[in-house]
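Q: Below are the structure tokens for one structure; questions will follow.
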Ligand SMILES: Nc1ncnc2c1ncn2[C@@H]1O[C@H](COP(=O)(O)OP(=O)(O)OP(=O)(O)O)[C@@H](O)[C@H]1O
Ligand SMILES: [Mg+2]
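Residue numbers (this note's numbering): 69 to 428.
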């Protein structure tokens, strides 16, 4: 097992500045997920850790050893890619054993490692089959098996599940998490899927345009996003953002929305900018109840859209000229066109400075 330290890492591809000063410490044994929109530099960062891309400026150390000039094969890293090319003319056993044979490992040791990896992945019955005789999920397990038998100190995954259908992806996600608990190695996992990031990670590293936007435990990022960008990236259905202007007259503080409507907002700090963005997650926006807490913010709106999912129902209304989604219990849904009394607790709302994007 090993820890990874990255400091001051920069990388250009031609004129494009892809990594713009990455500083990151990954503790031993942790499951870290690099997440961010397409093109933000996740794969480049992962490939640089693996040694497949050169460090242009900055330093990478693994277990305290400087890696900048160490060849990929000498870094003791196992990597699983999205396109897990298996050898079509080798059976599953030989596909998993391939890297070990290349290293001239004794036959008995190869057999033991392949057998034990296959058991761990539940593919013992498939060892004689060829890749074309496997389902997508089974192929992905073989690719992971190839990484496990290496007994590497560090596992890197680059979107390993994105070729699978949704159900299989859920299943494999659980298996990868279990695998991490079983073999207890440091893992770095790249995805642009925020659900995958939330469910897998001990710690999420959220990237944006070549920089790290925020690092933290999944629920920390979800509940206390440092920026508007982080709040918008994590969560499904997405957080609702409402732009408005803070008006303070005497003890009354209200947020005037773009369409001129106002909602009362207790406890706005006087140091806040005049214009703010209110962020409220659908789960915290619900039907107004009889009992009323002083932190409640209430408003009535016409239902525009109803989307049942089974366990919960998503209701869309308009607020400040924008769609606002509330997640409510399926049993309490109304009809399109009905007026609904909605409320949220101010303490569950997030506030952002539109000028900087920072949380207030
Ligand atoms: N070999 C290359 N040559 C030139 N540009 C590259 C190269 N590899 C990546 N890039 C560019 O660097 C940027 C970051 O790419 P990268 O593959 O790291 O993104 P990513 O975050 O993994 O995105 P995705 O989620 O789509 O896989 C992109 O703008 C990409 O076009
Ligand atoms: Mg990528």
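For every residue, glycine included, the Cβ atom is placed at its ideal position computed from N, Cα and C.
(1) Check whether the Cβ atoms of residue 366 and residue 409 sit closer than 8 Å, and answer yes or no.
(2) I need the boundaries of the alpha helix (DSSP H) containing residue 169, first residue and last residue.
(3) Is it the case that the Cβ atoms of residue 59 and residue 154 are separated by a distance below 8 Å?
(4) So what does DSSP say about residue 255, is it helix, strand or coil?
(5) How should residue 156 be labelled, buried or exposed, when 16 other C-beta atoms within 10 angstroms of its C-beta is the threshold for buried?
(6) Taking the DSSP output, what are the residues bridged to residue 72?
(7) How is the alpha helix (DSSP H) around residue 290 delimited, first residue to last?
(8) Considering only their Cβ atoms, is the gap separating residue 112 from residue 123 smaller than 8 Å?
(9) Do residue 344 and residue 428 come within 8 Å of each other at the CB atom, strictly closer than that value?
(10) Can you find a heavy atom of ligand 1 that lies under 7 Å from the Cβ of residue 260?
(11) Rank 294, 254, 424, 376 by C-alpha distance to the C-alpha of residue 101 and give the top, closest one.
(12) If you pair each beta-carbon of the region 157-165 with each one of the region 186-203, do three or more pairs fall below 8 Å?
(13) Rounded to a whole number of angstroms, what is the C-alpha to C-alpha distance between residue 202 and residue 354?
(14) To the nearest angstrom, how far is the alpha carbon of residue 258 from that of residue 404?
(15) For a quick check, are the C-beta atoms of residue 301 and residue 268 less than 8 Å apart?
(16) Short check: CB of residue 164 to CB of residue 182, under 8 Å?
(17) Heavy atom of ligand 2 less than 7 Å from the Cβ of residue 111, yes or no?
(18) Quick one: Cα of residue 325 to Cα of residue 375, how far?
(19) Decide if residue 303 is buried, meaning its Cβ has at least 16 other Cβ atoms within 10 Å, or exposed.
(20) Residue 295 and residue 277 - do their beta-carbons sit closer together than 8 Å?
(21) On the criterion of 16 or more Cβ atoms from any shown chain inside 10 Å, does residue 151 qualify as buried, or is it exposed?
(22) Count the other CB atoms within 10 Å of the CB of residue 394; is the residue buried (16 or more) or exposed (fewer)?
(23) Apart from the five residues on each side of it in sequence, which residues of its chain come closer than 8 Å, Cβ to Cβ, to residue 413?
(24) Can you tell me whether residue 262 is buried or exposed, with buried defined as 16 or more other CB within 10 angstroms of its CB?
(25) Report, in whole angstroms, the separation of the C-beta atoms of residue 146 and residue 218, which I expect to be a contact under 8 Å.
(26) Using 10 angstroms around the beta-carbon of residue 260, count the other beta-carbons present and answer buried if the total reaches 16, otherwise exposed.
(27) Between the region 72-90 and the region 229-239, do at least 3 Cβ pairs fall closer than 8 Å?
(28) Check whether the Cβ atoms of residue 347 and residue 423 lie closer than 8 Å to each other.
(29) Below 7 Å, is the gap between the Cβ of residue 226 and the nearest heavy atom of ligand 2?
A: Let me lay it out:
(1) One-based indexing of the chain shown puts residue 366 at position 298. One-based indexing of the chain shown puts residue 409 at position 341. Taking 8 Å as the Cβ cut-off, residue 366 and residue 409 qualify as a contacting pair.
(2) One-based indexing of the chain shown puts residue 169 at position 101. It spans 160-170 - the alpha helix (DSSP H) in which residue 169 sits, taken as one unbroken run.
(3) Nothing in the structure corresponds to residue 59, since the chain is present only between 69 and 428.
(4) Along the chain shown, one-based indexing puts residue 255 at 187. Note: residue 255 maps to strand in three-state DSSP.
(5) Residue numbering aside, residue 156 sits at position 88 when the chain shown is read from its first letter. So residue 156 counts as exposed.
(6) Counting from 1 along the chain shown, the entry for residue 72 is found at position 4. DSSP lists 94, 130 as partners of residue 72.
(7) For the purposes of this step, residue 290 is taken as the residue at position 222 of the chain shown. Counting along the chain, the alpha helix (DSSP H) containing residue 290 begins and ends at 286-291.
(8) Translated into positions along the chain shown, residue 123 becomes position 55. Translated into positions along the chain shown, residue 112 becomes position 44. Not in contact: residue 123 and residue 112 (Cβ atoms no closer than 8 Å).
(9) Locating residue 428 in the chain shown gives position 360, counting from the first residue. Locating residue 344 in the chain shown gives position 276, counting from the first residue. In this structure, residue 344 lies closer than 8 Å to residue 428 by Cβ.
(10) Start at 1 with the first residue of the chain shown, and residue 260 comes out as number 192. Yes, the beta carbon of residue 260 sits closer than 7 Å to at least one heavy atom of ligand 1.
(11) Taking the first residue of the chain shown as position 1, residue 101 is located at position 33. For the residues 294, 254, 424, 376, the minimum Cα distance to residue 101 belongs to 254.
(12) yes
(13) Along the chain shown, read from residue 1 onward, the residue named residue 202 stands at position 134. Along the chain shown, read from residue 1 onward, the residue named residue 354 stands at position 286. Each residue's Cα considered, the two are about 46 Å apart.
(14) The residue you call residue 258 lines up with position 190 of the chain shown. The residue you call residue 404 lines up with position 336 of the chain shown. Taking the straight line from one Cα to the other gives about 40 Å.
(15) Here residue 301 is taken as the residue at index 233 of the chain shown, counted from 1. Here residue 268 is taken as the residue at index 200 of the chain shown, counted from 1. No. Outside cutoff.
(16) Here residue 164 is taken as the residue at index 96 of the chain shown, counted from 1. Here residue 182 is taken as the residue at index 114 of the chain shown, counted from 1. Taking 8 Å as the Cβ cut-off, residue 164 and residue 182 qualify as a contacting pair.
(17) By one-based count along the chain shown, residue 111 stands at place 43. Indeed, a heavy atom of ligand 2 lies less than 7 Å from the Cβ.
(18) Position 257 of the chain shown holds residue 325. Position 307 of the chain shown holds residue 375. Going by the C-alpha atoms only, they are around 26 Å apart.
(19) Counting from one through the chain shown, the residue named residue 303 turns up at place 235. So residue 303 counts as buried.
(20) Here residue 277 refers to the residue found at position 209 of the chain shown. Here residue 295 refers to the residue found at position 227 of the chain shown. Cβ distance not < 8 Å, so residue 277 and residue 295 don't count as in contact.
(21) Here residue 151 refers to the residue found at position 83 of the chain shown. Exposed, because fewer than 16 other Cβ atoms sit within 10 Å of the Cβ of residue 151.
(22) Locating residue 394 in the chain shown gives position 326, where the first residue counts as 1. By the 10 Å Cβ count, residue 394 comes out buried.
(23) On the chain shown, residue 413 is found 345 positions in, with the first residue counted as 1. The residues are 352, 361, 363, 364, 365.
(24) Here residue 262 refers to the residue found at position 194 when the chain shown is read from its first residue. By the 10 Å Cβ count, residue 262 comes out buried.
(25) If you number the chain shown from 1, residue 146 lands on position 78. If you number the chain shown from 1, residue 218 lands on position 150. The Cβ separation is near 5 Å, so the contact holds.
(26) For this step, residue 260 is matched to residue 192 along the chain shown. Under this definition residue 260 is a buried residue.
(27) no
(28) Residue 347 sits at position 279 when you count from the first residue of the chain shown. Residue 423 sits at position 355 when you count from the first residue of the chain shown. No, these two residues do not count as a Cβ contact at 8 Å.
(29) Residue 226 sits at position 158 when you count from the first residue of the chain shown. Residue 226 Cβ: within cutoff of ligand 2.
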